[in-house]
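Q:
There are 4 protein chains.
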Amino acid sequence: MKTFDPPDPNFETRVRRSFARQQVMETIGARLTQVAPGAVEIELPFRRDLTQQHGFLHAGILTTIVDSACGYAALSLMPKGSAVLTVEYKINLLSPAEGERMVARGRVAKAGRTLTVCAGDVFAVTAGQKKLVATMLATMIALPDRDDLSD
Amino acid sequence: MKTFDPPDPNFETRVRRSFARQQVMETIGARLTQVAPGAVEIELPFRRDLTQQHGFLHAGILTTIVDSACGYAALSLMPKGSAVLTVEYKINLLSPAEGERMVARGRVAKAGRTLTVCAGDVFAVTAGQKKLVATMLATMIALPDRDDLSD
Amino acid sequence: MKTFDPPDPNFETRVRRSFARQQVMETIGARLTQVAPGAVEIELPFRRDLTQQHGFLHAGILTTIVDSACGYAALSLMPKGSAVLTVEYKINLLSPAEGERMVARGRVAKAGRTLTVCAGDVFAVTAGQKKLVATMLATMIALPDRDDLSD
Amino acid sequence: MKTFDPPDPNFETRVRRSFARQQVMETIGARLTQVAPGAVEIELPFRRDLTQQHGFLHAGILTTIVDSACGYAALSLMPKGSAVLTVEYKINLLSPAEGERMVARGRVAKAGRTLTVCAGDVFAVTAGQKKLVATMLATMIALPDRDDLSD
Numbered sequence: 329m330k331t332f333d334p335p336d337p338n339f340e341t342r343v344r345r346s347f348a349r350q351q352v353m354e355t356i357g358a359r360l361t362q363v364a365p366g367a368v369e370i371e372l373p374f375r376r377d378l379t380q381q382h383g384f385l386h387a388g389i390l391t392t393i394v395d396s397a398c399g400y401a402a403l404s405l406m407p408k409g410s411a412v413l414t415v416e417y418k419i420n421l422l423s424p425a426e427g428e429r430m431v432a433r434g435r436v437a438k439a440g441r442t443l444t445v446c447a448g449d450v451f452a453v454t455a456g457q458k459k460l461v462a463t464m465l466a467t468m469i470a471l472p473d474r475d476d477l478s479d
Numbered sequence: 329m330k331t332f333d334p335p336d337p338n339f340e341t342r343v344r345r346s347f348a349r350q351q352v353m354e355t356i357g358a359r360l361t362q363v364a365p366g367a368v369e370i371e372l373p374f375r376r377d378l379t380q381q382h383g384f385l386h387a388g389i390l391t392t393i394v395d396s397a398c399g400y401a402a403l404s405l406m407p408k409g410s411a412v413l414t415v416e417y418k419i420n421l422l423s424p425a426e427g428e429r430m431v432a433r434g435r436v437a438k439a440g441r442t443l444t445v446c447a448g449d450v451f452a453v454t455a456g457q458k459k460l461v462a463t464m465l466a467t468m469i470a471l472p473d474r475d476d477l478s479d
Numbered sequence: 329m330k331t332f333d334p335p336d337p338n339f340e341t342r343v344r345r346s347f348a349r350q351q352v353m354e355t356i357g358a359r360l361t362q363v364a365p366g367a368v369e370i371e372l373p374f375r376r377d378l379t380q381q382h383g384f385l386h387a388g389i390l391t392t393i394v395d396s397a398c399g400y401a402a403l404s405l406m407p408k409g410s411a412v413l414t415v416e417y418k419i420n421l422l423s424p425a426e427g428e429r430m431v432a433r434g435r436v437a438k439a440g441r442t443l444t445v446c447a448g449d450v451f452a453v454t455a456g457q458k459k460l461v462a463t464m465l466a467t468m469i470a471l472p473d474r475d476d477l478s479d
Numbered sequence: 329m330k331t332f333d334p335p336d337p338n339f340e341t342r343v344r345r346s347f348a349r350q351q352v353m354e355t356i357g358a359r360l361t362q363v364a365p366g367a368v369e370i371e372l373p374f375r376r377d378l379t380q381q382h383g384f385l386h387a388g389i390l391t392t393i394v395d396s397a398c399g400y401a402a403l404s405l406m407p408k409g410s411a412v413l414t415v416e417y418k419i420n421l422l423s424p425a426e427g428e429r430m431v432a433r434g435r436v437a438k439a440g441r442t443l444t445v446c447a448g449d450v451f452a453v454t455a456g457q458k459k460l461v462a463t464m465l466a467t468m469i470a471l472p473d474r475d476d477l478s479d
């Protein structure tokens with residue numbers, strides 16, 4: 329794993345405050361568990377009311393947490409005043425998303441001035457065992473100095 | 329637009345019943361509005377409790393509805409007894425997801441025996457005007473004759 | 329199909345000159361056949377020396393022509409002085425790439441100041457019949473006013 | 329890195345023979361350098377006649393070698409008699425592809441009976457220094473017992 333030197337020493341506070349403004353996270357019950365430079369982890373306990381037709385968590389819900397994990401991994405390396413937006417992502421669903429809880433990890437693969445490329449994984453955790461259920465490759469963009477958008 | 333001849337004349341009922349079992353759709357307030365052979369539409373009224381940090385709908389929520397629209401477009405062309413699962417998708421976010429409601433459309437680009445490739449779009453609708461906010465390219469798989477999974 | 333108003337009236341000349349500098353196109357025998365605002369077509373006659381192990385054109389060769397078709401569709405809408413680079417793409421291979429020639433079409437789905445999202449298709453043509461063999465969704469970036477890169 | 333137990337002990341010979349049948353590899357000058365269970369490496373010396381308009385290797389050429397590296401990583405874990413085909417891939421171009429040679433590495437992320445998901449990277453090597461220039465996420469399919477296709 330690469331190590332990164334964040335340009336804003338206050339990166340963790342910015343990430344945590346921004347996450348707290350993502351109302352969807354409270355709605356689905358996700359928590360921000362780890363924030364490091366270029367690496368962020370979000371957890372989601374399994375909930376029946378977030379499932380698809382076979383009783384697994386819906387792919388879009390896995391996407392919600394791993395997209396945010398990737399986006400905040402990118403934001404952790406952006407200078408103060410930048411806002412982060414998702415340009416695009418691709419995700420492969422590897423196994424049915426069932427288990428006690430899901431752990432989504434996003435990490436920066438390449439940090440650029442405008443674009444940041446991130447890789448993400450989602451693991452299902454059951455009785456302390458982790459299983460990879462989804463993997464993502466994503467592109468994030470930094471919008472600097474916008475009055476209307478921040479973090 | 330291609331036209332398709334569905335192998336199961338009962339395709340609409342199967343799609344609607346399967347959608348009704350997706351508990352996440354009730355949780356976020358999404359409705360299945362149209363089911364045609366190889367083409368499905370899902371609507372989602374804007375809700376503040378599904379937003380990201382800037383007040384737009386979270387990309388993962390858009391993904392949830394357009395993934396299901398694509399998956400059910402694929403299922404509408406699968407023979408009776410098959411279950412549909414998402415293999416992977418890629419989505420580009422084109423504009424901030426704000427508006428009165430979102431309309432997700434999935435359509436089959438290529439239907440195969442095992443794999444079906446779908447294209448999807450999400451439009452934001454405000455005062456009768458539609459704006460394209462996201463576009464998806466997805467791969468779905470048919471699992472035939474599984475006792476544990478259907479539709 | 330959307331219609332676009334190109335900011336540089338000289339767009340076709342810029343695209344054709346840039347294509348002529350892509351040495352790989354001469355190496356594989358590809359030709360630039362159509363240039364319209366936001367839409368470009370490239371053709372490639374089938375050649376045995378570009379095939380994979382089963383005798384079909386290699387997916388990477390299809391990608392080469394449809395990536396350039398998408399990139400030049402994007403460039404056709406960029407202001408004078410901008411260079412275009414590919415950020416990323418996703419491609420689905422739908423059918424074996426065999427036939428007399430391949431026709432790759434790229435078109436702009438959303439043109440932005442920095443990023444342009446394009447959709448592309450590759451058709452195999454045999455005895456006047458076209459068959460869709462691949463479909464792409466791509467993100468291009470405009471690099472303005474670079475001394476070292478243009479078009 | 330995961331370790332895999334290949335079902336066909338003859339996997340390396342199968343991969344090398346199949347690669348030798350990919351005529352495009354001889355055309356562009358690529359060589360198969362390493363074959364391990366679930367991991368394959370392909371090298372390509374830089375050649376001016378494979379470049380795009382700015383003098384970098386064309387993204388489609390990078391894609392050609394990393395697609396084959398991923399495909400053969402998947403084939404190395406498939407039972408005898410299976411043929412491998414690419415379903416789809418997504419690639420991010422991270423830095424201009426310039427250097428003495430390119431090294432593409434494909435590895436299996438999840439091996440399934442029908443579908444195998446692979447991750448790939450391309451590094452540019454100059455004076456012994458490696459730089460990541462592209463990263464791929466791909467889906468491969470195993471076609472068992474086909475008379476017309478093998479490996």
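Protein chains in written order, with this note's numbering: chain A, 329 to 479; chain B, 329 to 479; chain C, 329 to 479; chain D, 329 to 479. Heads up, the beta-carbon is just placed ideally off N, CA and C, and yes, glycines get one too.
1. Given 8 angstroms as the limit, is there contact between the stretch 357-370 of chain C and the stretch 454-463 of chain B, that is, 3 or more CB pairs closer than that?
2. Is there a C-beta anywhere in chain A that falls below 8 angstroms from the one on C/Lys438?
3. How about A/Lys286: is its C-beta nearer than 8 angstroms to some C-beta of chain D?
4. Nearest-angstrom Cα distance between A/Leu471 and D/Gln350?
5. With DSSP as the reference, identify every bridge partner of D/Phe451, one or two as the case may be.
6. By DSSP's criteria, A/Val363 is part of a beta bridge. Which residues make up the other side?
7. If you measure beta-carbon to beta-carbon, which residues of the stretch 452-472 of chain D are closer than 9 angstroms to chain B?
8. For the beta strand (DSSP E) holding C/Leu403, just list the boundary residues, first then last.
9. Relative to the C-alpha of D/Gln381, which candidate in C/Arg375, C/Ile419, C/Lys408, C/Leu413 has its C-alpha closest?
10. Could you work out which residue in C/Leu385, C/Leu405, C/Leu378, C/Arg441 is closest to C/Thr331 when comparing CA atoms only?
11. With a Cβ-Cβ cutoff of 8 angstroms, do C/Arg342 and C/Asp333 count as a contact?
12. Let me check one thing: in DSSP terms, what residues is B/Val343 bridge-paired to?
13. Taking a cut of 7 angstroms between CB atoms, which residues from the stretch 344-356 of chain C lie near chain D?
14. Just tell me which of D/Gly357, D/Val431, D/Gly448, D/Met430 has its CA closest to the CA of D/Lys438.
15. Of the choices C/Arg344, C/Tyr400, C/Met430, C/Gly366, whose alpha-carbon is the least far from that of C/Ile389?
16. Considering only the alpha carbon of each residue, which of D/Ser423, D/Ile356, D/Phe347, D/Val445 lies closest to C/Gly383?
17. Classify A/Lys408: buried if its beta carbon has 16 or more other beta carbons within 10 angstroms, exposed otherwise.
18. Could you tell me the alpha carbon to alpha carbon distance between D/Thr355 and A/Thr355, rounded to whole angstroms?
19. Would C/Asn338 be called buried (16 or more neighbouring beta carbons within 10 Å of its own) or exposed?
20. What number of angstroms, rounded off, separates the C-alpha of B/Ala367 from the C-alpha of A/Phe451?
21. In terms of residue numbering, what span does the alpha helix (DSSP H) encompassing C/Glu532 cover?
22. So that I know if they touch, is there some Cβ in chain F lying closer than 8 angstroms to that of C/Leu385?
23. Drop a sphere of 10 angstroms on the beta-carbon of B/Asp473, count the other beta-carbons inside from all chains shown, and report buried for 16 or more, exposed for fewer.
24. Can you give me the start and stop residues for the beta strand (DSSP E) that C/Thr414 sits inside?
25. How about A/Glu416 and B/Lys418: are their beta carbons less than 8 angstroms apart?
26. Let me know the secondary structure DSSP gives D/Ala466 once reduced to three states.
27. Beta-carbon separation of C/Gly440 and C/Tyr400 under 8 angstroms?
28. With a Cβ-Cβ cutoff of 8 angstroms, do A/Leu378 and A/Ala358 count as a contact?
29. Should C/Gly448 be flagged as near chain D, meaning a C-beta pair shorter than 8 angstroms?
30. Can you check which of these residues, C/Met353, C/Leu403, C/Arg376, C/Thr444, is closest to B/Thr463 by C-alpha distance?
31. Show which residues of chain A have a CB atom less than 9 angstroms away from the CB atom of D/Val431.
32. Going by the DSSP bridge assignment, what does C/Lys438 pair with across the sheet?
33. Can you check whether the C-beta of A/Val445 is within less than 8 angstroms of a C-beta belonging to chain D?
34. Please confirm whether B/Val461 and B/Ala411 have their CB atoms less than 8 angstroms apart.
35. Are C/Asp395 and D/Ala397 closer than 8 angstroms when you measure CB to CB?
36. Am I right that A/Met468 and A/Ala402 are in contact with their C-beta atoms under 8 angstroms? What's the rounded C-beta distance?
A: By the coordinates alone:
1. no
2. no
3. Lying outside 329 to 479, the shown extent of chain A, residue 286 of chain A is not represented and no answer is given.
4. A/Leu471 and D/Gln350: Cα-Cα distance of roughly 44 angstroms.
5. D/Val431, D/Leu460
6. A/Val368
7. Leu465, Thr467, Ile469
8. Per DSSP, C/Leu403 belongs to no beta strand (DSSP E); it is in the alpha helix (DSSP H), 387-403.
9. C/Leu413
10. C/Leu405
11. No.
12. Paired residue(s): none; B/Val343 is not in a bridge.
13. Ser346, Arg349, Gln350, Gln351, Val352, Thr355
14. Closest by alpha carbon: D/Gly448.
15. By alpha-carbon distance to C/Ile389, the top candidate from C/Arg344, C/Tyr400, C/Met430, C/Gly366 is C/Met430.
16. Of D/Ser423, D/Ile356, D/Phe347, D/Val445, the residue nearest in Cα terms is D/Phe347.
17. exposed
18. C-alpha separation (whole angstroms): 55 angstroms.
19. Answer is exposed; the Cβ neighbour count stays below 16.
20. Approximately 32 angstroms, taken between the alpha carbons.
21. Outside the shown range of chain C, which is 329 to 479, sits residue 532 of chain C, and nothing can be said about it.
22. In the displayed structure, chain F is absent; the protein chains listed are A, B, C and D.
23. Burial call: exposed.
24. 411-421
25. It is a contact, given that the beta carbons lie within the stated cut-off.
26. D/Ala466 falls in the strand class under three-state DSSP.
27. no
28. no
29. Under the 8 angstroms criterion on CB atoms, C/Gly448 is classed as non-interfacial with respect to chain D.
30. C/Thr444
31. Within chain A, no residue comes near D/Val431; the closest Cβ sits about 17 angstroms away, beyond 9 angstroms.
32. C/Val445
33. It does; some Cβ of chain D falls within 8 angstroms.
34. no
35. no
36. 4 angstroms
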